[in-house]
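With mature numbering (1 follows the signal peptide of the UniProt record, and there is no 0) as the guide, the letters of the sequence shown map in order to residues -27 to -1, 1 to 269.
Note that the Cβ used here is the ideal one computed from N, Cα and C, for glycine as well.
Predicted model, so just to flag it, every value in this text is computed and none were measured.
Below you'll find the structure, written out as structure tokens, and then a few comments.
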Amino acid sequence: MILINRLRTVLAVTAVIVAPSGGTVLAAPSVPAPVSAAAQPTAPITLRYEANRRSMLAAGIDRPDGDFLLFDPNGRGRVAQVFGDLSTARRIAVLVPGMTNRLANFWRGVGGKSYRSPAVQAADLQRAGAGSGGFAVIAWLGYDTPQGFDEAGRANLARAGAAELERFVAGLVAVRPRATIALLGHSYGSVVIGHAAPRLPPQVTDIAVFGSAGMGVDDVAGLGTGARVWAGQSDQDWVRWVPAARLFGLGHGAKPAGPGFGARVFATADVHDHDHYLSPGTDSLAALARIAGDLP
């Protein structure tokens, strides 16, 4: 009986290691099918990298040379790519993108514009905030983003995304408990962070949002977090004309960059639209790099 139990354990562990993300694991009839290692946020980093690499190759995605904590080709698709050495990072930034992002344009950018690519933005942020080292940035497309203004005006996708973000951050804390974390949300990504804020662990020391139409609350106190809250909005960003209200299920409340919200406002004077906050050479990227990298 002891030998049989040991054999069952070995079979289960082996299946977890080789299982592709989102795949079905075939196990012995008496052994419950284990959950894919790639779907476990508390699994060792290297194991998740390898599991997601296998899944991407199986799906025909030509990006196996990167490091990925998440990959799911189903539906709109989900992916989380790491820039920098997460295994040694003392500071981790998680970039949460906004509407119209999906797996199909994660690398090339919405509308084929590379500056709108979460992967490109995260890479630029990591380079700008590296400082003396020990800094990693994760482009986290771990939720279904709105694909139009009707979805973007409502909070249901943000609430669902917040639950996924909370789970993802908890996994980071489990594998890198001594690292501090910054969350950066662009556009609808800020709404996701706003809904997650009250349940974030103390390792999250900074929240920065930009191009935000609201975070689902009226002020910083409403976020229920001990993290420092930063906000930036260009005067030429179309978001400035979005009403700061919540009515009949539409809207996300006060603008975080507004004077009554209470956030620490950073410079955005040389940003001329909704999408260039993380472009190299801008004051906003420099400011966000300092926040994300916890630099002086």
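Nonlocal neighbours in the same chain, by C-beta distance under 8 Å from P2, ignoring five residues either side: Only weak support is given to the placement of P2: the predicted model assigns it a pLDDT of 34, under 50, and the value that follows is read from those uncertain coordinates. Apart from the 5 residues on each side of it in sequence, P2 has no Cβ closer than 8 Å to any other Cβ in its chain.
S(-7), buried or exposed, once every other Cβ within 10 Å from all chains shown has been counted against 16: Here the model assigns S(-7) a pLDDT of 35, short of 50, so the residue's position is not dependable, and the following value carries that caveat. With 16 or more neighbouring CB atoms inside 10 Å of its own CB, S(-7) falls in the buried class.
Residue range of the alpha helix (DSSP H) that includes M72: Annotation: M72 is outside any alpha helix (DSSP H) and is labelled neither H nor E by DSSP.
Status (buried if at least 16 other CB within 10 Å, exposed otherwise) for L42: The residue in question, L42, is buried, as its Cβ has 16 or more Cβ neighbours within 10 Å.
Contacting residues, own chain, Cβ-Cβ under 8 Å from L196 (five flanking each side not counted): Result list for L196: G167, A170, P171, I180, M188, V190, V202, in chain order.
Euclidean distance between Cα positions of R149 and A103: Our two residues, R149 and A103, have alpha carbons roughly 18 Å apart in a direct line.
Buried/exposed call for R140, threshold 16 Cβ in 10 Å: Classification for R140: exposed.
For A265 and residue 273, believed in contact at Cβ under 8 Å, the rounded distance: Residue numbering for the chain in the displayed model covers -27 to 269; residue 273 lies beyond these limits and cannot be assessed.
Closest residue to A136 among T153, L268, G162 (Cα-Cα distance): The residue from T153, L268, G162 with its alpha-carbon nearest to that of A136 is G162.
Ranges of the beta strand (DSSP E) found wholly within the stretch 170 to 195, counting only runs of at least 3: The stretch 170 to 195 contains these whole beta strand (DSSP E) runs: 177 to 183, 187 to 190.
Separation of V146 from N47, as counted between CA atoms: The straight-line gap from Cα to Cα measures roughly 27 Å.
Cα-Cα separation between H159 and V182, rounded to whole angstroms: Annotation: H159 to V182 spans about 6 Å, alpha carbon to alpha carbon.
Sub-8 Å separation of G134 and P14 beta-carbons: Contact: no.
Coarse secondary structure for T255, derived from DSSP in three states: In the structure shown, the three-state DSSP call for T255 is coil.
T255 classed as buried or exposed, judged by whether at least 16 other C-beta atoms fall within 10 angstroms: The residue is buried, with at least 16 neighbouring Cβ atoms inside 10 Å.
Counted within 10 angstroms of its Cβ, other Cβ atoms place residue 272 as buried (16 or more) or exposed: The chain is shown only over -27 to 269; residue 272 falls outside these bounds and no answer can be derived.
Same chain, Cβ closer than 6 Å to F234, five either side skipped, listed in chain order: Answer for F234: D192, A227, listed in chain order.
Contact under 8 Å by Cβ, residue 275 with G50: Residue 275 lies beyond the residue range present for the chain, which begins at -27 and ends at 269; the question has no answer from this structure.
Chain B within 8 Å of L68, Cβ atoms only: Among the protein chains of the structure shown there is no chain B, as only one such chain exists.
Contacting residues, own chain, Cβ-Cβ under 7 Å from T73 (five flanking each side not counted): Closer than 7 Å at Cβ, skipping near neighbours: V83, T118, Q120.
Pairwise C-alpha distance: A194 and K86: K86 and A194 have their C-alpha atoms spaced approximately 36 Å apart.
6 Å CB neighbourhood of S60 in its chain, flanking five on each side removed: I18.
For L42, three-class secondary structure by DSSP: Annotated three-state conformation of L42 is strand, per DSSP.
Per-residue burial, A240 [other beta carbons within 10 Å of its own, 16 or more giving buried]: Looking at its Cβ environment, which holds fewer than 16 other Cβ atoms inside 10 Å, A240 is exposed.
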